[in-house]
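A.B. asks:
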Amino acid sequence: MKINFFPNIYLWLLLITLPVTVFSQSTDFTIQDVKFESQGITLAGSILTPKNAIAAVVIVHGSDPVEREMEFATRLANEGITVLTYDKRGVGESGGVYVGPSVGTNNIDTGNLNLLSHDASAAVNTFRTYLKDKKIPIGLVGFSQAGWIIPIAADKNPQIEFMVLFSCPTITTLEQLRFQFYTNGNNTFWENHTESDAREHIKNDPNRYQFTATDPKIYLNNLLIPGLWIFGEKDIQIPVKLCMEQLNTLKAQGNPFEYTLFSKLGHNTASDNDREPVDISIQWIKQKALSIKKYKN
368 MKINFFPNIY
378 LWLLLITLPV
388 TVFSQSTDFT
398 IQDVKFESQG
408 ITLAGSILTP
418 KNAIAAVVIV
428 HGSDPVEREM
438 EFATRLANEG
448 ITVLTYDKRG
458 VGESGGVYVG
468 PSVGTNNIDT
478 GNLNLLSHDA
488 SAAVNTFRTY
498 LKDKKIPIGL
508 VGFSQAGWII
518 PIAADKNPQI
528 EFMVLFSCPT
538 ITTLEQLRFQ
548 FYTNGNNTFW
558 ENHTESDARE
568 HIKNDPNRYQ
578 FTATDPKIYL
588 NNLLIPGLWI
598 FGEKDIQIPV
608 KLCMEQLNTL
618 KAQGNPFEYT
628 LFSKLGHNTA
638 SDNDREPVDI
648 SIQWIKQKAL
658 SIKKYKN
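In this text, residue positions in the sequence shown follow the working numbering: the first is 368, and each later residue adds one.
1) Let me know the secondary structure DSSP gives T397 once reduced to three states.
2) Look up I592 in the DSSP assignment and say whether it is helix, strand or coil.
3) Using beta-carbon positions only, say whether Y465 and G478 come within less than 7 Å of one another.
4) Ignore the nearest five residues each way along the sequence and tell me which others in I421's own chain have a CB closer than 6 Å to its CB.
5) Between T416 and E436, how many whole angstroms is the CB-CB distance? I'm expecting something under 8 Å.
6) Roughly how many whole angstroms lie between the Cα atoms of I517 and Q399?
7) What residues in its chain sit with their C-beta under 7 Å from that of V645, if we drop five residues either side in the sequence?
8) According to DSSP, is K584 helix, strand or coil?
9) Cα separation between K601 and D431?
10) Using only alpha-carbon positions, find the residue among Q526, E567, F533 that is nearest to G429.
11) Rounding to the nearest angstrom, what Cα-Cα distance links Q547 and K418 in this structure?
12) Hey, I647 and E528 are a contact pair by Cβ (cut 8 Å); roughly how many whole angstroms apart?
13) DSSP state of L410, grouped into three classes?
14) Quick check on S405: does DSSP put it in helix, strand or coil?
15) Where does P623 sit, in a helix, a strand or coil, going by DSSP?
16) If you reduce the DSSP assignment to three classes, tell me which class A656 lands in.
17) Rounding to the nearest angstrom, what Cα-Cα distance links A619 and Q577 in this structure?
18) Return the bridge partner residues of F510 from the DSSP annotation.
19) Ignore the nearest five residues each way along the sequence and tell me which others in R495's own chain have a CB closer than 7 Å to its CB.
20) Excluding the five sequence neighbours on either side, which residues of its own chain have a C-beta within less than 6 Å of the C-beta of D476, listed in chain order?
21) Secondary structure at L670, three-state DSSP: helix, strand or coil?
22) By Cβ distance, which residues of its chain are closer than 6 Å to L483, with the 5 residues on each side in sequence left out?
23) If you check the beta carbons only, do T409 and G462 fall under 7 Å apart?
24) In three-state DSSP terms, what is L382?
25) Kindly indicate which three-state DSSP category D646 falls into: helix, strand or coil?
26) Spatial neighbours of R545 within its chain, please: C-beta separation below 8 Å, excluding the five flanking residues on both sides.
27) For A565 versus P536, is the C-beta distance shorter than 7 Å?
28) State the start and end residues of the unbroken alpha helix (DSSP H) segment that holds A420.
29) By Cβ distance, which residues of its chain are closer than 6 Å to V427, with the 5 residues on each side in sequence left out?
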């Protein structure tokens, strides 16, 4: 199922009318370095503030040891979205310990995912104090592993008012691992396997690691904030069609969630090689932010 939020020609016309700015020397947004506390350590990041902000977002990392996402943040700021992006715990200028990198170790155990959700929530709380417009909606935008982190943070922090999730799972951590071990990094996996093959493996394959699974549906069930998932049909990190199926179940019970599927993309749906997924997410953020702000007034 693919959701088109705009006819292609309308989206193209809309995008070419938006202002173009130059990174770092631009007078259309400013960059301010900030530090904030989370669970006993100091995290470091940057806030990018455009002149006339429509929305505000905090960027949540995937599983890799990544510093602040300045390139992605700049793209959002150029579109009138204020952004807080920070170095992941234990990376760059941020304190603490980065847990990983081996998939299946405690980088996706419940303790670490909860810790990272505290970091995202603390970022939101700090971000709010820097925003001139106190009614501007704040959301979370994240990638991959953030599919487990964002729902936990949003369930606990009412200041989070929308979320955008690129290639993010709606299945449990252990189910995702079973699928990832099955595909084994093979980019031609879907040329030789069916959806039923994958689901059978996810259902019956024994776990290679023993830890309590995190199920994002527990938190998503409780959320009544808008959410947009961006999927690539050729993804070999998460079983996309199973994730969409679970989102359909949540949508049927009234959760305001949407998703869109790109048939030619894999796990990296936020890549600059194909701008459409991010462009769609930007327009969605603007639309939801205006609706939320109108409701507040």
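Built from N, CA and C at the ideal position, the CB exists for glycine as well. Please read these numbers as outputs of a predicted model, since none were measured by experiment.
C.D. replies: Here's the rundown:
1) If you number the sequence shown from 1, residue 397 lands on position 30. Strand, per DSSP.
2) The residue given as residue 592 occupies position 225 in the sequence shown. If DSSP states are grouped into helix, strand and coil, I592 belongs with coil.
3) Here residue 465 is taken as the residue at index 98 of the sequence shown, counted from 1. Here residue 478 is taken as the residue at index 111 of the sequence shown, counted from 1. No. Outside cutoff.
4) Taking the sequence shown and counting its residues from 1, the one referred to as residue 421 is at position 54. Same-chain partners within the cutoff: G447, K653, A656.
5) For this step, residue 416 is matched to residue 49 along the sequence shown. For this step, residue 436 is matched to residue 69 along the sequence shown. The pair is not a contact, with the Cβ atoms about 16 Å apart (cut-off 8 Å).
6) For the purposes of this step, residue 517 is identified with residue 150 of the sequence shown, where counting begins at 1. For the purposes of this step, residue 399 is identified with residue 32 of the sequence shown, where counting begins at 1. Roughly 24 Å between the two C-alpha positions.
7) Position 278 of the sequence shown, counted from the start, is the residue given in the question as residue 645. Only residues of its own chain outside the window of five on either side were considered, and among them R442, A637 have a CB closer than 7 Å to the CB of V645, listed in chain order.
8) Here residue 584 is taken as the residue at index 217 of the sequence shown, counted from 1. Correct three-state label for K584: helix.
9) Position 234 of the sequence shown, counted from the first residue, corresponds to residue 601. Position 64 of the sequence shown, counted from the first residue, corresponds to residue 431. Rounded to whole angstroms, K601 to D431 spans 21 Å at the Cα level.
10) The residue labelled residue 429 in the question sits at position 62 within the sequence shown. Here the closest residue by C-alpha is F533.
11) Counting from 1 along the sequence shown, the entry for residue 547 is found at position 180. Counting from 1 along the sequence shown, the entry for residue 418 is found at position 51. So the two alpha carbons sit approximately 43 Å from each other.
12) Residue 647 sits at position 280 when you count from the first residue of the sequence shown. Residue 528 sits at position 161 when you count from the first residue of the sequence shown. Not quite, the Cβ-Cβ distance comes to about 19 Å (not below 8 Å), so this is no contact.
13) Position 43 of the sequence shown, counted from the start, is the residue given in the question as residue 410. L410 falls in the strand class under three-state DSSP.
14) Mapped onto the sequence shown, residue 405 falls at position 38. If DSSP states are grouped into helix, strand and coil, S405 belongs with the strands.
15) Locating residue 623 in the sequence shown gives position 256, where the first residue counts as 1. In this structure, P623 counts as coil in the three-state DSSP scheme.
16) As a working mapping, residue 656 is identified with position 289 in the sequence shown. A656 falls in the helix class under three-state DSSP.
17) Position 252 of the sequence shown holds residue 619. Position 210 of the sequence shown holds residue 577. Taking the straight line from one Cα to the other gives about 33 Å.
18) What you label residue 510 is simply residue 143 of the sequence shown in a count that begins at 1. F533, per the DSSP bridge assignment.
19) Counted from its first residue, the sequence shown places residue 495 at position 128. I505, Q526.
20) Start at 1 with the first residue of the sequence shown, and residue 476 comes out as number 109. Here the set comprises F578.
21) The requested residue 670 is not part of the displayed model; the chain covers only 368 to 664.
22) Residue 483 sits at position 116 when you count from the first residue of the sequence shown. Cβ neighbours of L483 beyond the five flanking positions: I516.
23) Within the sequence shown, the letter at position 42 stands for residue 409. Within the sequence shown, the letter at position 95 stands for residue 462. Yes, the Cβ-Cβ distance between T409 and G462 is below 7 Å.
24) The residue given as residue 382 occupies position 15 in the sequence shown. Interpretation of L382 is limited by its pLDDT of 34, a score under 50 that renders its predicted location unreliable; the figure taken from the coordinates is listed afterwards. Helix, per DSSP.
25) In the sequence shown, counting from the first residue as 1, residue 646 sits at position 279. D646: helix per DSSP, three-state reduction.
26) Start at 1 with the first residue of the sequence shown, and residue 545 comes out as number 178. The residues are H568, I569, D572, N574.
27) Along the sequence shown, read from residue 1 onward, the residue named residue 565 stands at position 198. Along the sequence shown, read from residue 1 onward, the residue named residue 536 stands at position 169. Not a contact, by the Cβ cut-off of 7 Å.
28) One-based indexing of the sequence shown puts residue 420 at position 53. Here A420 belongs to no alpha helix (DSSP H), and DSSP marks it neither H nor E.
29) Position 60 of the sequence shown holds residue 427. Counting only Cβ-Cβ distances below 6 Å, and skipping sequence neighbours, we find A487, L507, G509, A513, I516, I517.
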